[in-house]
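One structure is given here, and the rest of the page talks about it.
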Amino acid sequence: MRELIVKVSFIPIGKTMKNKLVFTIFGSTGDLTYRKLMPALYNLMAGSNLDDNLEIRCIGRKALSQEDYIQLIQPWIEKGSRFPFKETIFLELTKHIQYIQMDLTKIEDYHLLKNVDQNSINIYYLAVAPEFFESIADHLESSGLLHKNLDYVILEKPFGLDFKHAIKVHDKLSTIFHQDHILHIDHYIGKEMIQNILAIRFANRLFETIWNKDTIEQIQITAAETIGIENRGSYYEQAGALQDMVQNHLLQLVSYVIMDQPKLMNHEHIQSKQIEAIQRLSIDECVFGQYTAKDDLKAYREEDHVSHDSVTETYIALQLHAKEGALKDVPIFVRSGKRMNQRATYISVHFKKAVNHLYPQDKLIDELLLIKIQPDEGIYFRFNAKKPGSSQEITPIMMNFCQNCIYENRINTPEAYERILNSAFHQDTSLFTPFEMVKLSWDFGSKVAKLKKNQGLDFYESQSDGPISADTLLNQHGYVWISADISDEAYQ
Ligand SMILES: NC(=O)c1ccc[n+]([C@@H]2O[C@H](COP(=O)([O-])OP(=O)(O)OC[C@H]3O[C@@H](n4cnc5c(N)ncnc54)[C@H](OP(=O)(O)O)[C@@H]3O)[C@@H](O)[C@H]2O)c1
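Residues 1 to 492 in this note's numbering are what the sequence shown lists, from first letter to last.
Have a look at this one:
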């Protein structure tokens, strides 16, 4: 195996920190902790980015010994971390971890979280359902565990059960924690290629100058998964594709694509432009779908903890437009679905055809910029050129840059949760979503949910490209959905 080249540019501020850092995970026997948080912590350890002074408290209801818990997390780390698994690194990590059995709803259990060091900075990570957020905060406060100016709380989406509840939770938490210490996670912001969208748009004169309604015909954003809801039926019945993907992750993507140029490259300026962008959005049309069975794949309604007549959507397609700005009225098509025929998240920007008498339009290929976010990370650009030979025939040129095909890039690129935890450990809040944006996203989600009431649900077969009505949504404008593997096309 090749030697690892670790060049992750984290600043190990933790190493110089005076206060001890205590990271407490509520919900540490849950899917999120196993699949995302533990591999992220291992990656930070492997990259020498965990402070010696860090204590990780893992709270669960289950009667597990310390050894049981360590045994439980090991296979998830082996499977989920970007660095190859090494016993020595894992052992180092486990020295920071303490499993604490308690019921988070019982105030009498909170004494188990008392800090020996009164000056510790606590980061409480609530990897539990939103109905627990207020009571956890209450119990932490009533048990005298909090230092309002030192401690942080991290919330996982959904940040409430609905718009009203999200505001109630925020208002409550604001009385207990410092406003700026309530951190909302949208792990999409931590993804490498999403951080790259602004660089592509604003570091290139080419794209900076053509990112407008005169040049761009339409924009598509796809987040497709091949898996179904796995064993998360109870959660998904409540959230659906709208709360799971669209109103948070995809809305973030839309805002990065349509926002105006920020004055400075810092999170305040970027977030204020994102907020403006979301405020400009208008919803034109929606399609809601639900997957049906195929071969041995179950229909959504047959999944565990799902009602037999459930109307929860596992697929959404939206047509949006910005009411103002450089991309005013350019159609933006957004779709997200489970059990589709591809696993890929990508943005495609479709340019208008050249208008001149030299080359007939029907001979020109649509110029296209594809930003690949996951699992492939990279950029694909397609444009017209002259076919080699004596004729003036036009042929498409496809330039395909695969960022994570390069070993050094892959191994040196932190995963989203790794990036996010690292910034939280350094009390850097720039990768978290401000509450203003959380409110806007709930507002957007409520508008889409209202449309669903009038519209109903279309069904699509598992492993397909989604409901036919979603194709019609584009076809009526003369467009089709672009598949991620378009970038696999060879030169023609
Ligand atoms: N999974 C993901 O990929 C993902 C992604 C983004 C956001 N989220 C959000 O993160 C939250 C957690 O998701 P998850 O998938 O990890 O859920 P999960 O697998 O159902 O885990 C829930 C966790 O909460 C714990 N818990 C519940 N009631 C408790 C109590 N009274 N006392 C102590 N612990 C209790 C559970 O402990 P027991 O094991 O004892 O039941 C378990 O550790 C949800 O709000 C979800 O929407 C999840």
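We treat Cβ as the ideally placed atom computed from N, Cα and C, and that holds for glycine.
Of the residues assessed, Ile406 falls on the exposed side of the cut-off, its CB having fewer than 16 other CB atoms within 10 angstroms. Within the model, the alpha-carbon separation for Thr345 versus Gly144 is close to 44 Å. Bridge pairing for Val22: Glu55 and Asn122 [DSSP]. Near ligand 1, meaning a beta-carbon closer than 7 Å to one of its heavy atoms, we find Phe26, Gly27, Ser28, Thr29, Gly30, Asp31, Leu32, Thr33, Arg35, Lys36, Ile59, Gly60, Arg61, Lys62, Met102, Asp103, Leu104, Thr105, Ala127, Val128, Ala129, Pro130, Phe132, Glu156, Lys157, Pro158, Arg232, Tyr235 and Ala239. Per DSSP, Met398 lies in no alpha helix (DSSP H) segment; the continuous beta strand (DSSP E) that holds it begins and ends at Ile394 to Cys402. In the structure shown, Gly378 falls within a strand segment according to DSSP collapsed to helix, strand and coil. Its Cα nearest to that of Gln271, the residue Leu253 stands out among Phe351, Tyr315 and Leu253. For His350, the enclosing beta strand (DSSP E) stretches over residues Ala344 to Phe351.
When secondary structure is reduced to three states using DSSP, Ser307 falls in the coil class, being assigned neither helix nor strand. With a beta-carbon spacing of about 10 Å, Leu474 and Val287 fall beyond the 8 Å limit used to define contacts. The beta carbon of Lys148 lies closer than 7 Å to those of Phe177 and His178 in the same chain, with the five residues before and after it left out. Here the alpha carbon of Gln74 sits roughly 47 Å from the alpha carbon of Leu206. In this structure, Ala127 and Glu415 do not form a Cβ contact; the two beta carbons are roughly 16 Å apart against a cut-off of 8 Å.
Judged by their CB atoms, Ile210 and Phe351 are nearer to each other than the 9 Å cut-off.
Annotation: the continuous beta strand (DSSP E) that includes Thr222 extends over Ile216 to Ala224. According to the DSSP assignment, Ala470 belongs to the alpha helix (DSSP H) that extends over Ile468 to Asn475. Boundaries for Gln101: no alpha helix (DSSP H) harbours it, while the beta strand (DSSP E) harbouring it runs Ile97 to Gln101, taken from the DSSP string. DSSP, reduced to helix, strand and coil, places Thr175 within a helical segment of the structure shown.
Boundaries for Gln361: no beta strand (DSSP E) harbours it, and the DSSP string shows neither H nor E there. The Cβ neighbour count for Ser462, taken over all protein chains shown within 10 Å, is at least 16; the residue is labelled buried. In this structure, the beta-carbon distance from Pro130 to His96 does not fall below 9 Å.
By the Cβ neighbour-count rule, Gly478 is exposed, with fewer than 16 other Cβ atoms within 10 Å of its own. Where Ser336 is concerned, the enclosing beta strand (DSSP E) starts and stops at Ile332 to Gly337. A contact is defined here as three or more CB-CB pairs under 8 Å, and the region 389–397 meets this definition with respect to the region 358–365. Nearest in C-alpha terms to Ala354, of all of Glu92, Tyr125 and Asp214, is Asp214.
By the Cβ neighbour-count rule, Arg339 is buried, with 16 or more other Cβ atoms within 10 Å of its own.
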